[in-house]
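Asks:
There are 2 protein chains.
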Amino acid sequence: MPETVPPTEHTRVVREPQRGVYDRETIYKILDEGFVCHVGFSVDGQPYVIPTLFGRVGDAIYFHGSAASRMLRNLSEGISVCVTVTLTDGFVLARSVFNHSMNYRSVVALGKATRVDAPQEQLEALHAFTEKILPGRWYEARQPNEQELKATSILRLPLTEVSAKVRTGPPIDDDTDYALPVWAGVIPVRLAFDVPVRDERCDASIPAPAYAAHYRR
Amino acid sequence: MPETVPPTEHTRVVREPQRGVYDRETIYKILDEGFVCHVGFSVDGQPYVIPTLFGRVGDAIYFHGSAASRMLRNLSEGISVCVTVTLTDGFVLARSVFNHSMNYRSVVALGKATRVDAPQEQLEALHAFTEKILPGRWYEARQPNEQELKATSILRLPLTEVSAKVRTGPPIDDDTDYALPVWAGVIPVRLAFDVPVRDERCDASIPAPAYAAHYRR
Chain H
1333 MPETVPPTEH
1343 TRVVREPQRG
1353 VYDRETIYKI
1363 LDEGFVCHVG
1373 FSVDGQPYVI
1383 PTLFGRVGDA
1393 IYFHGSAASR
1403 MLRNLSEGIS
1413 VCVTVTLTDG
1423 FVLARSVFNH
1433 SMNYRSVVAL
1443 GKATRVDAPQ
1453 EQLEALHAFT
1463 EKILPGRWYE
1473 ARQPNEQELK
1483 ATSILRLPLT
1493 EVSAKVRTGP
1503 PIDDDTDYAL
1513 PVWAGVIPVR
1523 LAFDVPVRDE
1533 RCDASIPAPA
1543 YAAHYRR
Chain L
1333 MPETVPPTEH
1343 TRVVREPQRG
1353 VYDRETIYKI
1363 LDEGFVCHVG
1373 FSVDGQPYVI
1383 PTLFGRVGDA
1393 IYFHGSAASR
1403 MLRNLSEGIS
1413 VCVTVTLTDG
1423 FVLARSVFNH
1433 SMNYRSVVAL
1443 GKATRVDAPQ
1453 EQLEALHAFT
1463 EKILPGRWYE
1473 ARQPNEQELK
1483 ATSILRLPLT
1493 EVSAKVRTGP
1503 PIDDDTDYAL
1513 PVWAGVIPVR
1523 LAFDVPVRDE
1533 RCDASIPAPA
1543 YAAHYRR
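Below, the structure written as structure tokens:
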């Protein structure tokens, strides 16, 4: 795949075009930091947007597709989707209400999603989900058996039509507003992970693994 | 509006139906805790999902609609949308890979979004966005003028067809897996807000307001 994804009429950032990002490295970094995506698809003209877990493997993303896969039963050619991943980085406080904003990084990927049926590819996708969120977990938990793989609905979307949009930095105010005696700046927003809560049915002699006790992303 | 929203064929939770929630109080609480929604709409059969800020006022949500509003130019009857709000509460670590999950709360609202043109309703919507994220900010920052309101694209979606899906609590493992010597439990996930970063152009004599210095949601 080329290192830059030429924007199409669907993926070119129209609103605030200076925030559009088309290099694959930045796009993949955003995808790899996120773990929930929002999948959009349409049935009889009604759009649906469903949150679900996802992982990237090479130039494709894999996501749990129970909802969308119902639509796929008779669609061997796949279903048109939009998969969006959004990371919120800060509230941007400007001197005017109008120029308030968010710092964020988002990726929008478009295309046809197809169902993954080969057990080996299903395993790779599940491995990607699990290891991206909990590195090491795959090797400690019981791995999927044949029956579970059959019950797992995973969809694959190749990352061909994809772009990112990024806002960083301080507020941008109208020139005349900079003189206003109003505090302006950014409140950073991030995800935090608290002390893990042991399942009541988990024997107290089993120590919490490092990836749970000191979770970091 | 009734206190319970009868699920329709579009909003009834089909996958994991025990997680479906249809009472308006729970739904509104989730909406009021979130601040980014994902708006889905379709153009020529291609779905799009765009993250944007939103606020609830009574039985409607208002969201910034620059992207969708391009589609609205000639659609006085509105545009079919799905607006989804997702809060992630925890990683659920089961003894088997298959039963790993997330604790989350999500709301899916469907219907026709229309553009808000009346300046008074635009002001109410902007007030709702701003005050839900930064209570008090509206009265300190410069409020929108007529020209800014004209440049603001806000869409309104009545909350008629809406449902929530909620997962809480510990992992649910297969009976035979409880004997495995694998740590199981939940890693709580929440948003955290760090020390605000003053805009370099903001005079150091202006103190950071309490809502920025000690941000809480």
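Those sequence lines, one after another, are chains H and L. Everything in the first sequence is counted per our numbering, starting at 1333 for the first residue and increasing by one. Everything in the second sequence is counted per our numbering, starting at 1333 for the first residue and increasing by one. Note that CB positions come from ideal geometry on N, CA and C, so glycine has one too.
1. Using a Cβ-Cβ cutoff of 7 Å, what residues of the segment 1493 to 1520 of chain H are near chain L? List them in chain order.
2. Ile1504 of chain H to Ala1445 of chain L, Cα distance in whole Å?
3. Which residues bound the beta strand (DSSP E) around Asp1509 of chain H?
4. Apart from the five residues just before and just after Leu1512 of chain L, which ones in its own chain have a Cβ nearer than 6 Å to its Cβ?
5. Quick test of your reading: Gly1372 of chain L and Cys1414 of chain L, contact by CB under 8 Å. State the CB separation rounded to the nearest angstrom.
6. Helix, strand or coil: how does DSSP classify Ala1445 of chain L here?
7. If the criterion is Cβ atoms closer than 7 Å, does the pair Asp1507 of chain H and Ala1516 of chain L meet it?
8. Output, in chain order, the set of chain L residues within a Cβ distance shorter than 7 Å of Gln1378 of chain H.
9. In the DSSP output, which residue or residues are listed as bridge partners for Ser1428 of chain H?
10. For Leu1487 of chain L, go through chain H and note every residue whose CB falls closer than 9 Å to its CB, in chain order.
11. Whose Cβ in chain H lies nearer than 7 Å to the Cβ of Val1368 of chain L?
12. Val1448 of chain L CB to nearest chain H CB: under 7 Å?
13. On the CB-based measure, 16 or more other CB atoms within 10 Å of its CB, does Thr1384 of chain H come out buried or exposed?
14. Starting from the beta carbon of Thr1462 of chain L, find every residue of chain H whose beta carbon is closer than 9 Å, and list them in chain order.
15. Is it buried or exposed, Pro1349 of chain L, if we count other Cβ atoms within 10 angstroms and call 16 or more buried?
16. Given this structure, state the Cα-to-Cα distance separating Thr1545 of chain H from Leu1466 of chain H, to the nearest angstrom.
17. Assign Arg1469 of chain L to buried or exposed, taking buried as 16 or more other Cβ atoms, counted over all protein chains shown, within 10 Å of its Cβ.
18. What residues from chain H crowd round Asp1531 of chain L, counting only those whose CB sits closer than 7 Å?
19. For Ile1359 of chain H, collect the residues of the same chain with a Cβ closer than 8 Å to its Cβ; drop the 5 residues on either side in sequence, then sort them by chain order.
20. Would you say Ile1519 of chain L and Tyr1547 of chain H are within 7 Å of each other, going by their C-beta atoms?
Replies: Put simply:
1. Pro1502, Pro1503, Asp1509, Tyr1510, Leu1512, Pro1513, Val1514, Trp1515, Ala1516, Gly1517, Val1518, Ile1519 and Pro1520
2. One C-alpha to the other measures close to 29 Å.
3. Note, Asp1509 of chain H: premise wrong, no beta strand (DSSP E); not H, not E.
4. The beta carbon of Leu1512 of chain L lies closer than 6 Å to those of Arg1427 in the same chain, with the five residues before and after it left out.
5. 4 Å
6. strand
7. Not a contact, by the Cβ cut-off of 7 Å.
8. Scanning chain L for C-beta atoms nearer than 7 Å to the C-beta of Gln1378 of chain H yields His1342, Ser1412 and Leu1442, reported in chain order.
9. Ser1428 of chain H pairs with L:Arg1474.
10. By Cβ distance, chain H contributes nothing, its closest Cβ being about 14 Å from Leu1487 of chain L, past 9 Å.
11. Thr1418 and Thr1420
12. no
13. buried
14. Val1429 and His1432
15. exposed
16. In the sequence on display, residue 1545 of chain H carries Ala and not Thr. Cα to Cα, Ala1545 of chain H sits roughly 11 Å from Leu1466 of chain H.
17. So Arg1469 of chain L counts as buried.
18. Within chain H, the residues near Asp1531 of chain L are Pro1502, Pro1503, Ala1516 and Gly1517.
19. Around Ile1359 of chain H, the same chain offers Val1337, Val1353, Val1439, Leu1491, Val1494, Ser1495 and Ala1496 as residues with beta carbons nearer than 8 Å, after the five sequence neighbours per side are excluded.
20. yes
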